Amino acid sequence: MIPKPIILDISEWQLPSQMNYDQLAKQIAGVIIRVQYGSNYVDKHYQTHLREFQKRGIPTAVYAWVRGTSLNDMEQEASDFYQRAKAFQPVFWWMDVEEQSMANMREGCERYRAKLKQLGAKKVGVYVANHLYQQFNLNVSKFDGLWVPTYGQNNGQYTGANPTATNAYHLHQYTSAGMLQGYAGELDLSRLVKGEWSFFFGETSASKPSNQFEFSTDVYLRKAASTNAASLALLKKGECVLIESIQLAEGYVWGKQKRIDGSFAYVALGEWRGYGKYI
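Heads up, the sequence shown is in the working numbering, so the first residue is 15 and it goes up one at a time.
Written out as structure tokens, the structure is:
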């Protein structure tokens, strides 16, 4: 299956001339766009990708492949990354750590992260290869998000193969062979595993509902945003509930409701039908 909402990440390898942005925008809920490969190589099409997806209302984040060879070099890369992308006001900044560019990657990546924060990046996450997670030993607790790839069969679908290095990840890149209408080639696709959608991709039309919902059918109130979660009550057709916030999981739009005891309950408000649309 392809989990929804769909998160796409792209770089200059996906040529703008080969992309139908209108079609792609109808299928995805967020996109993460590469800005640079180290300091000296700037992605040829990052500005075009950012402008085209932002024009269509898709939340856009950015990432940079980390190649710093010293602490000073790491800070320089962070500065270049920030200067190149800040005008686009990305919802999240991701560091892509896939090669050992210096002896102490833990210290180097922390210097990179801290520099981004100092410059004004509000949310900084790290993407780290599953097989290098232990070797790099990054201080992931300092980051605002952790993104880890594991592909399994890598057939374009999510087949249940999850990262093994840690279970603390927020985003999971589950294939590099995804297929979407609007682009003929293979695409990297990810899913949100943990955390609020709005934290990683900002407030969207699907995360800003009216406060009150009336049910058109019976629906279960559950302990978590999952159809497998334990049910707390069966809400009947015609009943109304007040919803505090929205999140997306398992192809549904879920309403989060605070209970009297301070805990939270979740109710499926409708099926996800693409960015900003649900029924």
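Glycine included, each C-beta is placed from N, C-alpha and C at the ideal position. Note that this is a predicted model, so its numbers are computed, not measured.
Under 7 Å Cβ to Cβ from residue i, same chain only, skipping five residues before and after it: list those, please.
i	result
S190	Y165, N168, E200 and D202
K272	E258 and F278
F157	R127, V138, G139 and V140
G216	P73 and V105
K129	E89, A92 and S93
S240	A263 and E264
Looking at the unbroken alpha helix (DSSP H) that takes in residue i, where does it start and where does it end?
i	result
I68	At residue 68 the sequence reads Gln, which differs from the Ile that was named. Unbroken alpha helix (DSSP H) run through Q68: Y60 to K69.
F150	Y147 to F150
R98	L85 to A99
R125	M119 to L133
With a Cβ-Cβ cutoff of 8 Å, do residue i and residue j count as a contact?
i	j	result
W211	H184	no
L249	V233	yes
R127	F150	no
T178	N144	yes
V45	R98	no
V142	V111	yes
G134	K100	yes
Among the candidates the options, whose CA atom is the shortest distance from the CA of residue i?
i	options	result
K270	R65, D23 and A279	A279
N181	Y147, V105 and E285	Y147
A244	V281, S84 and A99	V281
I47	S84, M109, C254 and G159	M109
G170	G159, V154, S155 and S204	S204
E124	V142, Q114, L85 and K100	L85
Y136	F213, E113, N153 and Q187	Rather than Tyr, the amino acid found at residue 136 in this sequence is Lys. The option with the nearest alpha carbon to K136 is F213.
G159	R70, T62 and Y77	Y77
Q252	K237, F229 and N242	One point to set straight first is that residue 252 is Gly, not Gln, in the sequence displayed. It is F229 whose Cα lies nearest to the Cα of G252.
I24	A43, V49 and K18	V49
Q28	Q61, A43 and D87	Q61
Roughly how many angstroms separate the alpha carbons of residue i and residue j, rounded to a whole number?
i	j	result
M15	L235	25 Å
F95	G284	39 Å
L339	F227	Outside the shown range of the chain, which is 15 to 293, sits residue 339, and nothing can be said about it.
L194	G82	34 Å
S219	K131	A caution first: S219 carries a pLDDT of 45, below 50, which makes its placement in the model too unreliable to give a value.
P223	A117	For P223, the predicted structure reports a pLDDT of 44, less than 50, and the residue's modelled location is therefore unreliable. The matter cannot be settled from this model.
S221	I20	With a pLDDT of only 43 at S221, under 50, the local geometry of the prediction cannot be trusted, and the value read off the model is given with reservation. S221 and I20: Cα-Cα distance of roughly 15 Å.
Q32	Y197	6 Å
G52	W79	6 Å
W286	V267	6 Å
N176	S115	26 Å
Q68	N242	35 Å
G192	P163	13 Å
K237	E113	40 Å
The beta strand (DSSP E) spanning residue i covers which residue range?
i	result
Y165	Where Y165 is concerned, there is no enclosing beta strand (DSSP E), given that its DSSP letter is neither H nor E.
K272	Y266 to K272
Q32	Looking at the DSSP string, Q32 is not in any beta strand (DSSP E), and its letter there is neither H nor E.
S212	It is not in any beta strand (DSSP E) - S212 instead sits in the alpha helix (DSSP H) that spans W211 to F215.
Give every residue of the same chain whose Cβ lies closer than 6 Å to the Cβ of residue i, excluding the five residues on either side of it in the sequence, and list them in chain order.
i	result
G276	none
H59	E26 and P30
E66	Y35
L64	I47, T74 and F102
K208	H184
Q37	Q195 and G196
Q261	E210, W211, A239 and W268
G7	For the chain, the structure presents residues 15 to 293; residue 7 sits outside this window and is missing.
T231	K251
Given the structure, does residue i come close to the ligand FMN, in the sense that its CB is under 7 Å from one of the ligand's heavy atoms?
i	result
V154	The ligand FMN is absent from the structure shown, which contains no ligand whatsoever.
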